[in-house]
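Undergrad:
Number of protein chains: 4
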Amino acid sequence: MRFPFPLALAALVPLAPTLAAQDTIQFTPTVGYPTFAVRDPVLRIQPGTVLVSNTNFGAYYTEQGGAFPGEVGPIYVEGATTNDMLVIEIIRVRPNYEFAASRINPNFGGLASDVRVRLLNDPIPARRYVWRLDHEQMTGTTELPDSRMGSITIDLRPMLGRIAVAPRGEEAFAGLWPGDFGGNLDAPEVKEGTTVYLPIFHDGAYFYFGDGHARQGQGEVAGTGLETSMDVTLKIDVIKGKTIDWPRLEDDEYIMVAGSARPLIDAFRLAHVELVEWLEEYGFGRWDAYALLGQVAESSVANIVDPIYTVVAKFPKRYLGQ
Amino acid sequence: MRFPFPLALAALVPLAPTLAAQDTIQFTPTVGYPTFAVRDPVLRIQPGTVLVSNTNFGAYYTEQGGAFPGEVGPIYVEGATTNDMLVIEIIRVRPNYEFAASRINPNFGGLASDVRVRLLNDPIPARRYVWRLDHEQMTGTTELPDSRMGSITIDLRPMLGRIAVAPRGEEAFAGLWPGDFGGNLDAPEVKEGTTVYLPIFHDGAYFYFGDGHARQGQGEVAGTGLETSMDVTLKIDVIKGKTIDWPRLEDDEYIMVAGSARPLIDAFRLAHVELVEWLEEYGFGRWDAYALLGQVAESSVANIVDPIYTVVAKFPKRYLGQ
Amino acid sequence: MRFPFPLALAALVPLAPTLAAQDTIQFTPTVGYPTFAVRDPVLRIQPGTVLVSNTNFGAYYTEQGGAFPGEVGPIYVEGATTNDMLVIEIIRVRPNYEFAASRINPNFGGLASDVRVRLLNDPIPARRYVWRLDHEQMTGTTELPDSRMGSITIDLRPMLGRIAVAPRGEEAFAGLWPGDFGGNLDAPEVKEGTTVYLPIFHDGAYFYFGDGHARQGQGEVAGTGLETSMDVTLKIDVIKGKTIDWPRLEDDEYIMVAGSARPLIDAFRLAHVELVEWLEEYGFGRWDAYALLGQVAESSVANIVDPIYTVVAKFPKRYLGQ
Amino acid sequence: MRFPFPLALAALVPLAPTLAAQDTIQFTPTVGYPTFAVRDPVLRIQPGTVLVSNTNFGAYYTEQGGAFPGEVGPIYVEGATTNDMLVIEIIRVRPNYEFAASRINPNFGGLASDVRVRLLNDPIPARRYVWRLDHEQMTGTTELPDSRMGSITIDLRPMLGRIAVAPRGEEAFAGLWPGDFGGNLDAPEVKEGTTVYLPIFHDGAYFYFGDGHARQGQGEVAGTGLETSMDVTLKIDVIKGKTIDWPRLEDDEYIMVAGSARPLIDAFRLAHVELVEWLEEYGFGRWDAYALLGQVAESSVANIVDPIYTVVAKFPKRYLGQ
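Residue numbers (our numbering), protein chains in the order written: chain A, 1 to 322; chain B, 1001 to 1322; chain C, 2001 to 2322; chain D, 3001 to 3322.
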């Protein structure tokens, strides 16, 4: 079997077996790509595989202006077709580096003018904050140079900013983009214990992941979370014969839809409309579902900084009935 | 005790006793107004008064197309000036009627075309759901005529949709409007245990409240919560010599700002920018505060159905330092 | 002839003659109001009256920070009911003062953060430009202190920023607001030769006008036009038994709808949807009209600075058929 | 010299000379691509070349649901670098086919719910209109099946919907996308007599064009113009050592910037902010330029249907000074 891998992986290719379902595979990525797109896979797996891996590491985590290391992938999932959906069970996401960095940026951020929200005001300054991570206590600590308290320690809530399949057709979106293909959702809900369902636009799905955040606020309003690299364990599976339009998520408490668009209201609406359609699958009438969302829907603004924004619409599973 | 009502107001005013601070007053409203505006007060109180009252009751709660009963107020707070801020401690909000109603509406709602989001699509149908409230169990139950489960029972989380002062100048906003004056925030956070701080645009503040929701989802996406009347206990006070631009809220866990605007992103931004400015009062540097919001901010989309939308930006009090 | 002014209104009303249709009346306003609302009329006229008047003059036109003089009105139109529409034929709008002022403002403007678009950037500076008007040549000239050319002379295109009826119910919108009641449309199309049709929300219509702009760009992007006072001649009439939802305009070339909303796309859409409905009155099928707009619609962004924005959608009259 | 052309062009490759500047070249495209991206060029030219060519023809123009033929390009411009800008002088754009098609579509369009503006309303119907083009009279005629007039004839105003360079990095945007790279601007201003300036993100520029509209309304509100194929003459040149952030346009009357973004206000703002910066190059002070736009700016909403919208901001050249 041939795996046309990028450069540095060439040596590994001949050794990479086709994995049997349910196998656990240890995978050490050696390349990171700057776009979500169909390209030669870095790995081929069987549905049901548990992948033990890590996000890519790079200068982005260690120095001001360092380049982002790019995503892990694409991983080709054997037998996955455009009539199916991809299922990613997030078993483990934990920081594996003792520092994380956060920033504010004159060209990128939610509460100031930036490259997409151009105004005549002077831009805000750039700043970089280095956080020391305590992997035992699961806390992060940084200096706050202009603040009375001098420093702050916060709890970590590790998550993956990016989880994707290749987008439709020949499109290639830069790593900053979320979309119906998943991508840079920057949703704190993409954490241990959550299962992510993704549509499939190409046979094999071409799965990508990366962009660890040791913690990120809702909206990621300043443009970054606590950016660092992660150890990751994912179970990657396929549900045959079922398609979806937008990424769906599920944890113990909620079924959720991650909708991405600008303006923010359109992201909010399409996440909730897709949630109504998911509720119809559970036996709710369309208008009953809509009416009920008025009382029990919850939602989270995941990011307001990416090229399009992401909103996660949530329905409590306790109200799904049996 | 006498309550100076509209119409006969002039005659009654001289008789209306000035309440001593810290008094508890029982007030039964007899009129409801359709706008937030300066008008003859229905009551005059001293700062520090605990008000035991109820929201207005009307046909809106009992029949399809019934008129909304309007808000309670305005209540004139003695000594409150435009250099101060009003403080409303929400001690109690409980349904006092055995039913609540929710609706979907072709002219008003967040996931369909409506009077402000006009499109060429056919409008959606109108529906009204009657919920039977169990005040002991704090649950509500309704029929779901088109759904497999036939009916549903949900927990109640009572709140006030509207809490306001009179807006600036001679403006009069219909009861559906939120704004910097508070108003129809439709924020689930306006519940027992929350303190609401409001700017004051006229001496006396001209405080209003109403629009009970036995439960409301985030975004109030279908246009209504479980609409019903409430018993309400509020402590109404004034902080002298301190002004704010937008309503602030506080509970055990968070300091919060309720920003209202269309588009949704502008509501989101102004709530967070005002939150940054509040954090500066706590000793955070401006850019430190902004950067930190990227990691620890939470937020809630309160409504996406009113003439302008409301977003509540939240900062965990545990990170405020001592 | 009597003009029933506020304050002494009760005494004057019995004396105010009812004007005969087609009369021309010369009216000199002596009061300006800060809101569009139902209040005691300054004048009562018969439908068909030609009103020769002027906009209010005030410190706004003469000094930095000077107060805006408010609108002329309300004018009560006898026989106008909520089943009718008001017709304002703009016969003459000409500057009557030798100066105009334009500004940029840190709190108000379209290309910078302002009170509704709050961001963390530093605000832009305030500036005031005085323009000398040449009423013969119909030009205006101002200094450009930071520009190589030193000064500039531009052609005048006089218009009225505000043309309104009282909004529905007890609402009172400050003079900056446009809406379905007209108001501060800030549309360059409201000029000599244009007829404006307004919905009527109260018997008598309560017509207002004011806010002369000797010239204004599309979008009024910096927040003001060439603000000055105007001589105005309007024919004010009523079309019985016909109602509209949003202001309509007509000149030799176009039928037009002025839709006002935030976000901008909603203003754009509702202007065009109402235009489709107007085309249906002309005999176009709904989908034919929509399809045809794709090829021949024109539009103008009137303002992006007011509390809600205004877009004027236009259809060429030459394509209306006979 | 080697030109790695796509399939059908293989035979031509060895014959394709490097063109001398100022040459006129006749080029018949044989392939159309579905994305704007760096790929093997279909042609290499010298700056200053006049290209006589045509847009691609395909089933999109002849049958319901027919596939879009894709863009012509990429054309590699020798010597063009990322420090330069590309200059496209539009000498001729004329329909070369006797029919054009326009559509309304339930999944794509500006005045109804669609794939990006998802709502719970039922979708609108699909329709296709065939227009017979008269190349002499420059008119188009179609049936209006539901309209009293039965059919309509309109004047043609031919334009190119798409004019682009390859976007930055490895990104590949589908042909529906506009952006800072140009692309699917769908701006009626891209017509004979207009010069388009584009930024360059890759050496060689990788120029694309296509998507003829025999006529298109402002906003392209129904989703299409009069779609047909065109004969095209373009002079393609480079200005060395000058970079721009967004496409600029120029005709006899205006200098213009085409800004693309969602929401619409962001497209509006960035077009105008870039216009302010262009005016600074002409010697205007920044705040003078901003203030002046308030009086003399014009603008055109080019499209409100593409993945991001396009607004063209315009400044009259007569006010540029000498």
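Where a beta carbon is used, it is the ideal one built from N, C-alpha and C, also for glycine.
For leucine 3111 of chain D, decide whether its Cβ has a neighbour in chain C, counting only Cβ atoms nearer than 8 Å.
TA: Position 111 of the fourth sequence, counted from the first residue, corresponds to residue 3111 of chain D. By this cut-off, leucine 3111 of chain D is an interface position.
Undergrad: Suppose you measure from the CA of leucine 1176 of chain B to the CA of glutamine 1216 of chain B; what does that come to, to the nearest Å?
TA: As a working mapping, residue 1176 of chain B is identified with position 176 in the second sequence. As a working mapping, residue 1216 of chain B is identified with position 216 in the second sequence. Cα-Cα distance, rounded: 16 Å.
Undergrad: Does aspartate 1251 of chain B have its Cβ less than 8 Å from a Cβ in chain C?
TA: Here residue 1251 of chain B refers to the residue found at position 251 of the second sequence. Closer than 8 Å: no.
Undergrad: Grab me the residues of arginine 286 of chain A's own chain with a C-beta within less than 7 Å of its C-beta, minus the 5 sequence neighbours each way, in chain order.
TA: Position 286 of the first sequence holds residue 286 of chain A. Once the five neighbours on either side are set aside, the close Cβ partners of arginine 286 of chain A are Val276 and Glu280.
Undergrad: What would DSSP say about aspartate 1114 of chain B, mapped onto helix, strand or coil?
TA: Here residue 1114 of chain B is taken as the residue at index 114 of the second sequence, counted from 1. Of the three classes helix, strand and coil, the one that applies to aspartate 1114 of chain B here is coil, per DSSP.
Undergrad: When the Cα atoms are used, what is the spatial distance from alanine 59 of chain A to glutamine 26 of chain A?
TA: Here residue 59 of chain A is taken as the residue at index 59 of the first sequence, counted from 1. Here residue 26 of chain A is taken as the residue at index 26 of the first sequence, counted from 1. Going from the Cα of alanine 59 of chain A to the Cα of glutamine 26 of chain A covers about 24 Å.
Undergrad: Report the neighbours of leucine 119 of chain A on chain D: residues whose CB is nearer than 7 Å to its CB, in chain order.
TA: On the first sequence, position 119 is the one that residue 119 of chain A refers to. Neighbours of leucine 119 of chain A on chain D, chain order: Arg3269 and Val3273.
Undergrad: Kindly provide the ranges of any beta strand (DSSP E) runs that are 3 or more residues long and lie completely inside the segment 1093-1170 of chain B, ordered along the chain.
TA: List check, beta strand (DSSP E) in window: 1099-1104, 1127-1134, 1139-1143, 1151-1155 and 1159-1164.
Undergrad: Can you tell me whether alanine 67 of chain A is buried or exposed? The criterion is at least 16 other CB atoms within 10 Å of its CB, across all chains shown.
TA: Position 67 of the first sequence, counting from 1, holds the residue named residue 67 of chain A. Classification for alanine 67 of chain A: exposed.
Undergrad: What are the start and end residues of each continuous beta strand (DSSP E) run of 3 or more residues lying completely inside the segment 36-93 of chain A, in chain order?
TA: Listed in chain order, they are 43-45, 49-54 and 72-77.
Undergrad: Check the Cβ of isoleucine 2967 of chain D against every Cβ in chain B and list those closer than 7 Å, keeping chain order.
TA: Coverage of chain D is limited to positions 3001 through 3322, which leaves residue 2967 of chain D absent and any answer about it impossible.
Undergrad: Taking 7 Å as the limit between beta carbons, can you name the residues of its chain near serine 113 of chain A, skipping five residues before and five after?
TA: Within the first sequence, the letter at position 113 stands for residue 113 of chain A. Closer than 7 Å at Cβ, skipping near neighbours: Leu119, Asn121 and Pro123.
Undergrad: To the nearest angstrom, report how far apart alanine 2016 of chain C and alanine 2037 of chain C are at their CA atoms.
TA: Reading the third sequence from its first residue, position 16 is the one you call residue 2016 of chain C. Reading the third sequence from its first residue, position 37 is the one you call residue 2037 of chain C. For alanine 2016 of chain C, the predicted model reports a pLDDT of 41, less than 50, meaning its position is unreliable; a value from the coordinates is still stated below. Their backbone Cα atoms lie some 21 Å apart in a straight line.
Undergrad: First and last residue of the alpha helix (DSSP H) that includes alanine 271 of chain A?
TA: Here residue 271 of chain A corresponds to residue number 271 of the first sequence, with the count starting at 1. 264-281 is the extent of the alpha helix (DSSP H) around alanine 271 of chain A.
Undergrad: What are the residues in the segment 2291-2314 of chain C lying within 9 Å of chain A by C-beta distance?
TA: Answer set for the segment 2291-2314 of chain C: empty.
Undergrad: Any chance you could list the beta strand (DSSP E) runs of at least 3 consecutive residues sitting entirely within the segment 2217-2256 of chain C, in chain order?
TA: 2230-2239 and 2248-2250, all fully within the segment 2217-2256 of chain C.
Undergrad: Which bits of chain A does tryptophan 1287 of chain B rub up against, with CB to CB less than 8 Å?
TA: By 1-based counting over the second sequence, the position of residue 1287 of chain B is 287. Those within 8 Å of tryptophan 1287 of chain B in chain A are Ile104, Ile124, Pro125, Arg127 and Asp146.
Undergrad: I'd like to know whether the C-beta of glycine 1210 of chain B is nearer than 8 Å to at least one C-beta of chain C.
TA: Along the second sequence, read from residue 1 onward, the residue named residue 1210 of chain B stands at position 210. By this cut-off, glycine 1210 of chain B is not an interface position.
Undergrad: Going by DSSP, what residues sit across from glutamate 3192 of chain D in a beta bridge?
TA: Here residue 3192 of chain D refers to the residue found at position 192 of the fourth sequence. None; glutamate 3192 of chain D has no bridge partner.
Undergrad: Is the number of C-beta pairs between the segment 1182-1194 of chain B and the segment 1152-1167 of chain B that are closer than 8 Å three or more?
TA: Result yes; three or more Cβ-Cβ pairs closer than 8 Å.
Undergrad: Consider the Cβ of arginine 162 of chain A: report whether some Cβ of chain D lies at a distance smaller than 8 Å.
TA: Your numbering for residue 162 of chain A matches position 162 in the first sequence. Taking Cβ atoms only, chain D never reaches closer than 8 Å to arginine 162 of chain A, which makes this a no.
Undergrad: Where does proline 2006 of chain C land, buried or exposed, given buried means 16+ other C-beta within 10 angstroms?
TA: Taking the third sequence and counting its residues from 1, the one referred to as residue 2006 of chain C is at position 6. Note on proline 2006 of chain C: pLDDT 33, under 50, position unreliable in the model; the coordinate value appears next. Result: exposed.
Undergrad: I'd like to know whether the C-beta of arginine 1215 of chain B is nearer than 8 Å to at least one C-beta of chain A.
TA: Within the second sequence, the letter at position 215 stands for residue 1215 of chain B. So yes, arginine 1215 of chain B belongs to the interface.
Undergrad: Going along chain C in order, which residues have a C-beta closer than 8 Å to the C-beta of arginine 3065 of chain D?
TA: Stepping through the fourth sequence from its first residue, residue 3065 of chain D is reached at position 65. Checking the sequence, you will find glycine at residue 3065 of chain D rather than arginine. Within 8 Å Cβ-Cβ: nothing; glycine 3065 of chain D doesn't reach chain C, min ~17 Å.
Undergrad: Where glutamate 1071 of chain B and isoleucine 239 of chain A are concerned, what is the direct C-alpha to C-alpha distance, given to the nearest angstrom?
TA: In the second sequence, the residue the question calls residue 1071 of chain B occupies position 71. In the first sequence, the residue the question calls residue 239 of chain A occupies position 239. C-alpha separation (whole angstroms): 52 Å.
Undergrad: Does any CB atom of chain D fall closer than 8 Å to the CB of glycine 79 of chain A?
TA: Here residue 79 of chain A is taken as the residue at index 79 of the first sequence, counted from 1. Answer no: the Cβ-Cβ gap between glycine 79 of chain A and chain D never drops below 8 Å.
Undergrad: Residues of chain D with CB under 8 Å from threonine 2224 of chain C, in chain order?
TA: Walking along the third sequence from the start, residue 2224 of chain C turns up at place 224. Gly3294, listed in chain order.
Undergrad: CB-CB under 6 Å to tyrosine 97 of chain A, same chain, minus the five flanking residues each way: which ones, in chain order?
TA: Along the first sequence, read from residue 1 onward, the residue named residue 97 of chain A stands at position 97. Here the set comprises Thr228 and Ser229.
Undergrad: Since alanine 2267 of chain C and valine 2257 of chain C are thought to touch, with beta carbons under 8 Å apart, how far apart are those beta carbons, to the nearest angstrom?
TA: Reading the third sequence from its first residue, position 267 is the one you call residue 2267 of chain C. Reading the third sequence from its first residue, position 257 is the one you call residue 2257 of chain C. With a Cβ gap of about 10 Å, alanine 2267 of chain C and valine 2257 of chain C do not count as contacting.
Undergrad: Do three or more CB pairs link the segment 163-174 of chain A to the segment 202-211 of chain A at distances below 8 Å?
TA: Taking 8 Å as the limit for Cβ pairs, the verdict is that the segment 202-211 of chain A does touch the segment 163-174 of chain A.
Undergrad: Against chain A, with Cβ distances strictly below 8 Å, would proline 3316 of chain D count as a contact?
TA: As a working note, residue 3316 of chain D is residue 316 in the fourth sequence. No, no contact with chain A.
Undergrad: Quick check on glycine 1321 of chain B - is its C-beta less than 8 Å from some C-beta in chain A?
TA: The residue labelled residue 1321 of chain B in the question sits at position 321 within the second sequence. Interface residue, yes.
Undergrad: Measuring CA to CA, which of B/Val1301, B/Leu1293 and B/Val1130 is closest to glycine 225 of chain A?
TA: Indexing the first sequence from 1 puts residue 225 of chain A at position 225. If we check each option's Cα against that of glycine 225 of chain A, B/Leu1293 comes out closest.
Undergrad: Taking its Cβ as the centre, do 16 or more other Cβ atoms sit within 10 Å of valine 1151 of chain B, making it buried, or is it exposed?
TA: Position 151 of the second sequence, counting from 1, holds the residue named residue 1151 of chain B. It should be noted that the sequence gives serine, not valine, for residue 1151 of chain B. With fewer than 16 other Cβ atoms within 10 Å, it is exposed.
Undergrad: One question on the structure: do valine 305 of chain A and phenylalanine 181 of chain A come within less than 8 Å of each other, judged by their Cβ atoms?
TA: By 1-based counting over the first sequence, the position of residue 305 of chain A is 305. By 1-based counting over the first sequence, the position of residue 181 of chain A is 181. No; because the gap between Cβ atoms is not below 8 Å, this pair is not in contact.
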